[in-house]
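Report on the following structure.
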Amino acid sequence: MTQDGATLATLRTRELRVDHPVPGGTASAVRGVSLAVGAHQCLGVVGESGSGKTQLFMAVMGLLPGSARATGSALFQGEEILGLPPDRLNRIRGSKLAMVFQDPMTSLAPHLKIGVQLAEVLVHHRGLSWRDAERAASSALDRVRIPDAQRRLKQYPHELSGGMRQRVMIGMSLLCEPALVIADEPTSALDVTVQARILELLRQLRAEMGISIVLISHDLAVVASLADRVAVMYAGRVVESAPAADLLRRALHPYTALLLQCLPDVHRLRTDRMPFLAGQAPGAGDPERGCAFAPRCPRATDRCKHERPALVDVREAAEVACHHPLA
Amino acid sequence: MSEPLLDVRGLGVDYRGVRALGDVSFQIRARETLGLVGESGSGKSTLARAVLRLIPASRGQVLWRGMDLLRCDGATLRSQRRELQIVFQDPVASLNPRMTVAGTLAEPLRIFERELTAVERRVRIERMLTRVGLAASMLSRYPHELSGGQCQRVAIARAMMLHPRLLVCDEPVSSLDVSIQGQIVNLLADLQGEFGTSMLFISHNLAVIRHISHRVAVIHDGNLIETASCDDLFAAPVHPYTRALLEAVLAPIPVPVPVPARVPVEVRDSDQSGREPE
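Protein chains in written order, with numbering that gives the first Met the number 0: chain H, 0 to 326; chain A, 0 to 277.
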């Protein structure tokens, strides 16, 4: 499996869907997403709340609630991981495939010291003795540039700042040297100065360890600072996917362009109106007719209301699902 | 210059001997928005709550139209509450989950304008709901049936029901999507112009602060370290911390993004070479 790693995408999903049963029908949070993350690549996934970006990767991680149904395919290093039994999945999760969540407070156990939580991962996945595991935990904190690791290991999560806790979470995700780290809004709960430092850390770790990263965020500016490639999600589908620089310079989908305009800009003057996207995205329970973005789209025509645009190649390495793309 | 509406002098808050807010002084004039910017733990929310006496202050004065809010009795304080309103960060948590939108908006009127008839109340509620951009059909909804942005509009409508003189906004857009933050900021700016409300607008987001504030105060470790007019602060920050804060903002996207124009009647093929029309 590992020897084909170079030619295979680290993660590849095909027509992945996530359906939740609701009274009187199903709510489709993800409506068929195909995307790939190559080795050493960083894929940014952008979308508003409810766009399905988190649900998609919860499905990949096997973390959906029991009632939800994930269909399609998700190949991790060539192995199908969708619907894998928990014991098989647990061998992959936490070791080769790790996740960092938004809220570093609730994702650490409040009653256990940092050192114990880190060491536990290695005892469980690598069969290390507690003594060796704690030594490794200390170097994990060094790796994420936490000074005075020995003292930190003996502290509880509440004794650490938000940025420090997120560093611990990142350190924990890297303990078993994973091939892929999925970071879901890793900096959204943090201050701007801390956010910049965490993104810089991820950038350095990626260069040092050659990991692949999926960076999920509602903030295009965050994603743009790290990702090679960006996929924009809307109403459970990818509407545009392109190399990050191209996407920012020449957005193809009107939604992406409008999202870019909404980015907060400190250079914008007080007298200006703050740009925003009018209207609301359709919910997971809403039936799909035509292009989901059409009601909010300034370029929408009659065709958009009836015929759903497929995701097609328009430029080298760029795909868009729009009848009237820009440029 | 006119008398300040709010004159905070040496306000400090200690939590069990820990100094959360040092010794803070600032003024807000009528129709003015003071932006308060700082990182988590800097004391922003403590300051907001101490000014409104939602938490006890340890020292200092909060002079509200000449009266010290920290020392007035309960009845006086309650009578002033209608002039002093607040919008919190988490719009869902700040609404009562068991109250409809109509119930939530009726409450301030039931307390402070008891003479209103049910019909008059209804008219006031509907007018305010429309003003914040929500349809009258929302009145019978519960918070869980609304989006985050809609909940925040309801919270703003509730705060504005009594036409307060001072509106404190504690991170009102931080938990909303980037795409709708602008709507809420614009709405607050409009309401301020219309009702002549003064605002204490708290945020960690410098772009948002710049949009809405006349003057900006920077808070760090419980102390105000720099207060300046909005333009001066962004053009020439004096304090090193302010400068660091401005530098930490992620670089804006370098190239201006084209506005998606309406599609011409003749729809062109999408694979034309990359230059976009201006």
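Heads up, the beta-carbon is just placed ideally off N, CA and C, and yes, glycines get one too.
Measuring only between beta-carbons, confirm whether H:A243 sits less than 8 Å from chain A. Output row for H:A243: interface = no.
Inter-residue Cα distance where the pair is A:V237 and A:S212: 18 Å
In terms of alpha-carbon separation, which member of H:C261, H:L246 and H:D271 lies closest to H:P324? H:L246
For H:N89, the first and last residue of its enclosing alpha helix (DSSP H): Counting along the chain, H:N89 sits inside the alpha helix (DSSP H) bounded by residues P85 to I91.
Unbroken alpha helix (DSSP H) run spanning A:T75, endpoints: It spans G73 to R80 - the alpha helix (DSSP H) in which A:T75 sits, taken as one unbroken run.
Cross-strand partners of A:F200 (DSSP beta bridge): A:G34 and A:C168
Would the beta-carbon of A:G37 be found less than 7 Å away from any heavy atom of the ligand GDP? With respect to the ligand GDP, the structure offers nothing, as it holds no ligand at all.
Chain A partners of H:M168, CB-CB under 9 Å? Simply none; closest approach about 17 Å.
To the nearest angstrom, how far is it from the Cα of A:M98 to the Cα of A:V91? 12 Å
Indicate the three-state DSSP secondary structure (helix, strand or coil) for H:M273 in the structure shown. coil
In chain A, what lies closer than 7 Å to H:H217 by C-beta? D176 and V177
Chain-order list of residues whose beta-carbon lies under 7 Å from that of H:R202 (same chain, five-residue window excluded): So the list reads L225, once near-sequence residues are dropped.
Near-chain A residues of the region 141–167 of chain H - C-beta to any C-beta below 8 Å: S160 and G161
By DSSP's criteria, H:G43 is part of a beta bridge. Which residues make up the other side? In the DSSP secondary-structure assignment, H:G43 is bridged to H:L214 and H:V229.
Amino acids of chain A, ordered along the chain, whose beta-carbon sits closer than 7 Å to that of H:D190: E38, S39 and H203
In chain H, which residues lie with their C-beta within 9 Å of the C-beta of A:R130? By Cβ distance, chain H contributes nothing, its closest Cβ being about 17 Å from A:R130, past 9 Å.
Inter-stretch contact (C-beta, 8 Å, three-pair minimum) for the region 42–51 of chain H and the region 226–234 of chain H: yes
What ranges does the beta strand (DSSP E) occupy inside the region 136–218 of chain H, keeping only unbroken runs of at least 3 residues that lie completely in it? Fully enclosed beta strand (DSSP E) runs of 3 or longer: 179–183 and 211–216.
Am I right that H:A28 and H:A283 are in contact with their C-beta atoms under 8 Å? What's the rounded C-beta distance? 5 Å
Starting from the N-terminal side, write out each stretch of the alpha helix (DSSP H) that is 4 residues or longer and does not extend beyond the region 109–133 of chain A. Within the region 109–133 of chain A, the complete alpha helix (DSSP H) runs of at least 4 residues are 117–130.
Helix, strand or coil at A:S57 [DSSP, three-state]: DSSP places A:S57 in coil when its eight states are reduced to three.
So, with DSSP's three-state summary, where would you put H:R302? helix
Kindly list the residues whose CB is nearer than 7 Å to the CB of A:I183, restricted to its own chain and excluding five residues on each side of it in sequence; keep chain order. G148, Q151, P171, V172 and L175
Does the distance from the CB of H:A139 to the CB of H:L117 come in under 8 Å? yes
Secondary structure, alpha helix (DSSP H): runs of 4+ residues fully inside the region 169–195 of chain A: 177–194
So for A:T99, helix, strand or coil by DSSP? coil
Within its chain, find whatever has a CB closer than 8 Å to the CB of A:A216; leave out the 5 residues flanking it on each side and keep chain order. F25, L33, G34, L35, V36, L223, E225 and T226
Element boundaries [alpha helix (DSSP H), containing A:A158]: G147 to M159
With H:V36 and H:S211 assumed to form a contact (beta carbons below 8 Å), what rounded beta-carbon distance in angstroms separates them? 5 Å
Does any C-beta atom of chain A lie closer than 8 Å to the C-beta of H:R205? no
What did DSSP end up calling H:T12 once you bin it into helix, strand or coil? Three-state result, H:T12: strand.
Nearest-angstrom Cα separation, counted from H:R68 out to H:F56: 13 Å
What does A:V248 touch in chain H if you count any residue whose Cβ is under 7 Å from its own? V191 and V265
Could you name the residues of chain A that H:E47 contacts, counting a contact when the two beta carbons are closer than 7 Å? D176 and S178
Between the region 39–52 of chain A and the region 3–13 of chain A, do at least 3 Cβ pairs fall closer than 8 Å? yes
Spatial neighbours of H:A234 within its chain, please: CB distance less than 7 Å, with the 5 preceding and 5 following residues excluded, ordered by chain position. In chain order, S50, A280, P281 and A291 place their CB closer than 7 Å to the CB of H:A234, counting only its own chain and leaving out the 5 sequence neighbours on each side.
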